[in-house]
Amino acid sequence: MRLRNWIAVAVSVLLLVAVGIVGVLVNRSALRAADTVHRADSQALAVNNATLAGQMQLLSAKELSEFADSHPFILAPGQAADRKALEKYVAKSALFPYGAAITDLNGTVINATRANALPDPTDPGYKVMLNLLLAGKPGFSSVMSVYGADGKPTAVQAVGVPIRVAGAPVGLLLGFNKFADTTLQAYTAKLKSDAHLTMIIDSAGTVGFSSDGAKIGTTVDQAVVTAARTNPQGSTFVEYRSGRTPMTAILVTGDVLPDGWTYVRTQTTASFDGAVHKRSQTINITLLAMLLIGAVGISILGYRTQVQRRRADEKFQALFQHAPDMVAVLDADGRLAYSSPSAASVLHFPPGSLQGSSVFDLVHPEDRPRMMEAFARLFADRDSVLRMQTRVVNSAGRATWFEFTASNQMHNPALTGIVINARDISETRAFQERLAYEAQHDPLTGLPNRRRMQDALGSSLRQESVAVLFVDLDGFKPVNDAHGHEAGDELLRQVADRLSTCVRVQDVLSRVGGDEFVVLMPGITNRADADAMSARVRLAIERPFRVLGNEISIGASVGVHLAHTSDDPDQALRAADHAMYEIKHLGGGRRAAIPEQRELVRVGRHRAED
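Read in order, the letters of the sequence shown are residues 5 to 614 in this note's numbering.
See the structure below:
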């Protein structure tokens with residue numbers, strides 16, 4: 005009997021150990037799934053914030069470039085007119101209120117504003133900026149220091165763009181801003197949290213922007229700097245120690261930020277792991293206690309587990325009831341086995357109506373094949389994670405852009421499905437599309453700008469011949485002098501409207517500067533067709549315009565060049581420009597056009613006086 009009792013005890017202990025092992029494994033698997041989703045979400049948020057920060061930096065370079073292209077600098081050392089132009093620009097600029105300077109191509113200062121002291125010419129930050137400009141990229145310096153009368157340093161940044169004359173760089177225009185007063189710093193400060201610290205650092209690890217303004221100008225931990233240099237592209241996690249405290253940092257580097265700059269979000273590992281790990285440890289201790297309390301403990305633990313599960317479900321529902329992000333679990337057929345309450349509310353469906361429906365029915369028809377193919381790969385790859393952006397159709401049939409993070413947890417007994425976290429990114433997409441549009445269109449007329457036109461010309465010449473018409477307005481400058489720039493702008497808008505009625509559907513009409521327009525006519529090989537278009541353009545512009553209550557008459561000089569598929573696009577454009585220039589010197593567009601040029605004219609940029 006005693007032996008039988010010992011056997012029963014041994015069997016009970018073995019069963020308890022088996023149950024404990026199974027419980028530990030299940031808990032560990034659920035923890036891995038939660039960690040995967042948490043890291044993916046944190047990484048996606050860091051990339052989004054870094055992308056927005058990079059776009060804000062590029063906007064500052066764009067504003068500076070527009071000023072450089074629109075002002076005729078004299079570029080003489082200490083020239084009073086240039087300094088006055090710089091000081092006027094700084095006074096009205098929201099991005100570079102600290103100061104501005106003009107330098108030669110080697111970075112030697114020619115002229116500068118005098119309100120604030122500028123960084124010492126030997127500061128290594130200038131070299132970083134010049135290297136970026138030589139590589140054909142917007143020039144952003146690293147963190148530079150300016151010392152005031154009190155001996156305290158002020159962290160500033162220089163943004164540089166080339167000054168071009170006849171298309172060739174002849175100098176550099178630098179704008180300076182104090183990191184603490186920038187729009188990007190104001191945005192970064194809004195990310196302040198007791199749990200983590202957000203920073204944007206240069207290649208040396210010096211903080212330029214921070215959610216804690218006191219950190220600007222300080223240096224981050226060397227482990228973060230080393231990780232940024234080791235992983236120059238994409239995003240990564242870094243584990244390190246600050247003193248004795250374990251830390252976790254998310255780094256974003258690469259094309260989303262200017263070269264050499266890194267987005268960093270750092271916090272203690274304990275706060276990053278959060279309550280998920282603490283709850284996991286509690287469950288493991290509970291499972292070990294089960295081994296000691298026997299069969300009674302099993303019963304108690306079973307009851308306790310049910311209570312905890314119910315409370316966890318209630319907490320889960322409370323957390324996701326009004327959360328903007330959508331969380332869902334798909335079965336093997338792609339149907340919704342679970343969806344958070346926010347999913348129905350965000351998509352305007354009745355509560356509970358999405359349960360059991362196919363997730364692919366909610367995807368926009370144009371994106372559905374790509375979505376199905378991506379999920380097929382996800383199902384086939386264990387432990388894989390999928391990230392993609394797609395359009396989702398709500399109950400009213402309206403498509404909204406969402407970013408998906410999907411994790412294959414089919415093998416996880418706690419989930420047995422595909423875990424999806426989705427976030428509405430419509431505003432971010434709209435912002436990015438607006439930036440892309442503005443980068444390729446003239447803000448005054450809405451026509452394609454020079455960059456868009458050059459891309460179209462290069463693309464067309466790879467397939468067929470193109471007639472290039474370079475249009476320059478005759479008599480436009482007196483309009484500005486007599487009636488003001490507002491009238492000049494309105495006249496340009498009306499000219500753009502008239503020219504739009506002259507061109508064919510497949511033609512490209514663009515404004516390439518001041519009062520200059522270019523018409524591209526793909527597929528035209530007959531000089532007569534191009535001359536006919538030239539005549540239509542001149543007649544359209546010679547008709548009087550009604551501008552701000554005044555009747556205004558102008559003309560147009562139109563240079564024509566027939567470019568073949570073997571021609572270089574830039575040379576073709578210069579040939580049309582040269583043809584226009586010669587017509588200008590013969591008296592303008594009201595005189596007969598010069599004969600067709602038989603070969604590309606290799607000349608610089610020309611402008612004739614109106």
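No residue lacks a Cβ here, since even glycine has one placed at the ideal position from N, Cα and C.
query	result
Span of the alpha helix (DSSP H) around Met376	372 to 384
Whole-angstrom C-beta distance between Asp206 and Val147, which should lie under 8 Å	5 Å
Element boundaries [alpha helix (DSSP H), containing Gly492]	489 to 506
Min CB distance Asp476 to chain C below 8 Å	Chain labels in this structure do not include chain C; a single protein chain is all it has.
For Ala227, the first and last residue of its enclosing alpha helix (DSSP H)	226 to 234
Inter-residue Cα distance where the pair is Arg315 and Val211	44 Å
Nearest-angstrom Cβ-Cβ length linking Phe408 and Arg391, presumed shorter than 8 Å	7 Å
Beta-carbon proximity list for Ser361, same chain, < 8 Å, skipping 5 on both sides	Arg339, Leu340
First through last residue of the beta strand (DSSP E) which encompasses Phe364	Element bounds for Phe364: n/a, residue is neither H nor E.
CB-CB length for Thr117 against Ala104, believed under 8 Å	5 Å
Val163 and Leu68 closer than 8 Å at C-beta	yes
Residues of its chain near Met5, where Cβ-Cβ distance is below 8 Å and the 5 sequence neighbours each way are ignored	Its pLDDT being 44, under 50, Met5 is placed unreliably by the model, and nothing is read from it.
Coarse secondary structure for Lys66, derived from DSSP in three states	helix
Burial state of Lys96, where buried means 16 or more other Cβ atoms lie within 10 Å	exposed
Nearest to Leu4 (by Cα), restricted to the options Ile587, Asn52, Gln61, Ala85	As displayed, the chain neither begins before 5 nor continues past 614, which places residue 4 out of reach and without an answer.
Proximity of Val165 and Gly143 at Cβ, strictly below 8 Å	yes
Bridge-paired residues (DSSP) for Ile220	Bridge partners of Ile220: none, in fact.
Every unbroken beta strand (DSSP E) inside the stretch 122 to 199 [3 residues or more]	148 to 151, 157 to 169, 172 to 182
Asn412 vs Ser388 beta-carbon contact at 8 Å	yes
Best match in Val483, Asp476, Asp485, His489 for proximity to Arg515 [C-alpha to C-alpha]	Asp476
Backbone CA spacing between Ile466 and Thr249 [nearest angstrom]	A small correction: the amino acid at residue 466 is Arg; Ile does not occupy that position in the sequence shown. Distance between the alpha carbons of Arg466 and Thr249 is about 60 Å.
Three CB pairs or more closer than 8 Å across the stretch 176 to 187 and the stretch 236 to 246	no
Reduced DSSP category for Ser46 - H, G, I as helix; E, B as strand; rest coil	helix
Beta-carbon spacing of Tyr93, Asn120 below 8 Å	no
Gln271 and Ala199 closer than 8 Å at C-beta	yes
C-beta contact flag for Leu90 and Ile106 at 8 Å	yes
Inter-residue Cα distance where the pair is Gly517 and Ala159	37 Å
Presumed contact (8 Å Cβ cut-off) between Leu496 and Val541, rounded CB distance	The Cβ separation is near 15 Å, so there is no contact.
Distance CB(Ala544)-CB(Leu503) smaller than 8 Å	yes
Check: Leu49 C-beta below 7 Å from any heavy atom of the ligand SAM	In the structure on display, the ligand SAM does not appear, and there are no ligands present to speak of.
Contact set for Val229: own chain, Cβ-Cβ below 6 Å, skip 5 residues either direction	Gly209
Within 8 Å, strictly: CB atoms of Leu79 and Ile114	yes
Paired residues, beta bridge with Asn554 - DSSP	Val551
CA nearest to the CA of Ser74, picked from Gln83, Asn554, Asp519	Asp519
Outcome for Asp365 when other beta-carbon atoms lying within 10 angstroms are tallied against a minimum of 16	exposed
Val256, buried or exposed, once every other Cβ within 10 Å from all chains shown has been counted against 16	buried
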